[in-house]
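Taken in order, the sequence shown gives residues -3 to 214; the numbers are from the numbering used here. Even for Gly, the Cβ is constructed at its ideal location relative to N, Cα and C.
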Amino acid sequence: MAAASLTKVISRIKGPASSYVQAFEAHRTSLHAPNDAQEVLTARQRLLVRIAAAVAIPCKEMLQSCSSEAEGMLARDEIEQAVSVATALRAGAAVAYGRLAYKYLSGDAEGTGVSSAVSEIKRDRELMTQFRKASPADFERLTKMLGEMHKDGLPLSRADYELLAIGCATITQCVYCMERHVDAARALGVLPAQIAQVVHLAVSARIEASFLAAAEIL
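So, in structure tokens, the structure goes:
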């Protein structure tokens, strides 16, 4: 089956769910439409967030639509960094979740069920230290790799980087990534309204990707 477009997929929904679909499409369109009275992110920033979210999900069809939108708006090196940020945030979320291996090894999680995944900052830092010490060379290479996205002189500004990271953290649902990058964004003067719009864009992207994934059955 050829890659489906969101419009084609949701146009097939005619039953009771159609009212939800219409509401979603109105919301998505509004998020991406320029509005001088309320706009807090530029069209360029919205597209960068969309690209990073599509990689973080991942969603091939969404990236295909981003490719045509990017022509004339984004430089190649900006697209490359947006993609790299998304891959780095996916890796960071996996590392943060990987601490649970050491929670189980230490017996902390025995019989605790869901609570074993709850954020416990002090204890989690101890577990991450154990993780690092268990394979120091691998951990050093990992942190060096992820640190490449924090260097000065990259195509995207530090503020843009943090906005993309917040969008990806919304996708990966990593509380540690979210905490770190919101704090960094705030220090750079990023507005609460900008952060909110990034989160809304990421949520919308998740819904869009889910509809596109359902193209085979709709």
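Query, Result
"Within 10 angstroms of the Cβ of GLY94, are there 16 or more other Cβ atoms? Answer buried if so, exposed if not.", "exposed"
"Looking at C-alpha atoms only, which residue of ALA84, LYS147, ALA78, VAL91 is the closest neighbour of GLN126?", "VAL91"
"Alpha carbon to alpha carbon, how far is ILE162 from VAL171? Give it in angstroms, no decimals.", "10 Å"
"Who are the Cβ neighbours of LEU43 in its own chain at under 7 Å, not counting the five residues just before and after it?", "CYS62, GLU65, ALA66, MET69, LEU70"
"DSSP on ILE53, reduced to helix/strand/coil?", "coil"
"When we look at the beta-carbon of LYS99 and count the other beta-carbons within 10 Å, is it buried (16 or more) or exposed?", "buried"
"Under 7 Å between the Cβ atoms of GLU74 and LEU197?", "no"
"Given LEU59, which residues of its chain have a CB within under 8 Å of its CB, disregarding the five upstream and five downstream residues?", "ILE47, ALA50, VAL51"
"Taking the alpha helix (DSSP H) that GLY143 falls in, what are its first and last residues?", "132 to 143"
"Am I right that GLU158 and VAL199 are in contact with their C-beta atoms under 8 Å? What's the rounded C-beta distance?", "Their Cβ separation, rounded to whole angstroms, is 18 Å, which puts GLU158 and VAL199 out of contact at 8 Å."
"Looking only at its own chain, which residues have a Cβ that is under 7 Å from the Cβ of GLN190, when we skip the five neighbours before and after it?", "VAL36, LEU37, LEU159"
"Report the residue from ALA155, GLU57, ALA97 whose alpha carbon sits nearest the alpha carbon of VAL178.", "ALA155"
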